[in-house]
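A short worksheet on the structure shown next.
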Amino acid sequence: MEDIIGLGIGLIAVVMIFSIPLSAIWSTHLRKSQNIRAQIVKDEIELEKLKYDNFLLETERMRIDLQQKQASLLETSADPLIIELQKRAQTESKVISS
Numbered sequence: 000m001e002d003i004i005g006l007g008i009g010l011i012a013v014v015m016i017f018s019i020p021l022s023a024i025w026s027t028h029l030r031k032s033q034n035i036r037a038q039i040v041k042d043e044i045e046l047e048k049l050k051y052d053n054f055l056l057e058t059e060r061m062r063i064d065l066q067q068k069q070a071s072l073l074e075t076s077a078d079p080l081i082i083e084l085q086k087r088a089q090t091e092s093k094v095i096s097s
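Numbering (numbering that gives the first Met the number 0), first residue to last: 0 to 97.
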């Protein structure tokens, strides 16, 4: 009986001795993984900002390209409807400005 109690106390002592460094290792691991997750989130936010800026630039470029194509089409078109619309727009702009 005393041997079992002595063995139990010894086992408890060994477990307690090894649990301290194991808990330190575990907490260090958790801290490092949280830092890595935080860095990943920062990188994702930066990537989303770059995507948004790229979207704005691409949209602006497409808008300018569309305006240029529309102007080119209107200038070179011999379609009577387009010519009539151009005349009407010029007339309306003169009325508005005066």
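A virtual CB, placed ideally from N, CA and C, is assigned to each residue, including glycine.
For this session: Entirely within the segment 3–90 and at least 4 residues each: give me those alpha helix (DSSP H) ranges in chain order.
Result: none
For this session: Could you tell me whether the Cβ atoms of GLN85 and LEU72 are closer together than 8 Å?
Result: no
For this session: Might you give, ordered along the chain, the residues of its own chain that have their beta carbon closer than 6 Å to the beta carbon of VAL13, omitting 5 neighbours on each side?
Result: If the five residues before and after VAL13 are omitted, its C-beta is found closer than 6 Å to no C-beta atom of its own chain.
For this session: Would you tell me roughly how many angstroms separate the C-alpha atoms of ILE82 and LEU49, rounded to the nearest one?
Result: 43 Å
Exercise. In whole angstroms, what is the alpha-carbon distance linking GLN69 and ILE39?
Worked result: Those two C-alpha atoms are separated by around 44 Å.
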